[in-house]
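Asks:
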Amino acid sequence: MTRKARSPLTVRRSATGYVLHDPALVRLAGIEAVPLPFTPEASGAEVLAHLRRLNPHRDVRFEHDAPHPSSPASGANRQVGEASDIPHPPCA
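In the UniProt record's numbering, the protein residues as written are 1 to 92.
#1: Please name the residue or residues paired with Gly-17 in a DSSP beta bridge.
#2: Identify which residue in Leu-54, Phe-62, Pro-8, Leu-48 has its Cα closest to the Cα of Leu-25.
#3: So, with DSSP's three-state summary, where would you put Arg-58?
#4: Going straight from the alpha carbon of Pro-56 to that of Val-47, what length do you get?
#5: Taking the alpha-carbon positions, what's the Pro-40 to Tyr-18 distance?
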């Protein structure tokens, strides 16, 4: 039996701290974003480390670090070791 890969958990900064987006929660319960118990002063690395400890089998990343799988920026069609020639705008 083939196991389906889970969608990544994505985190974004909000005015009040951080929120989590889980495609499974959207699909199953219609919940778009879950507030996380971190203040805006918390570092992104701290938030990611916490979520990765709680979800060791899931890919956890910031929303702006997650290109769409079909976009050239994702590297989905790139050969191993081939550099991307697509410029990335700086994250705000």
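Beta carbons: idealized from backbone N, C-alpha and C, even for Gly.
Replies: So, from the listed chains and residues:
#1: Looking at the DSSP assignment, Gly-17 forms a beta bridge with Ser-14.
#2: Minimum Cα distance to Leu-25 is reached at Pro-8.
#3: Looking at Arg-58 - three-state DSSP - the assignment turns out to be coil, as it is neither helix nor strand.
#4: In this structure, the straight-line span from the alpha carbon of Pro-56 to that of Val-47 is close to 14 Å.
#5: Their Cα atoms are separated by approximately 7 Å.
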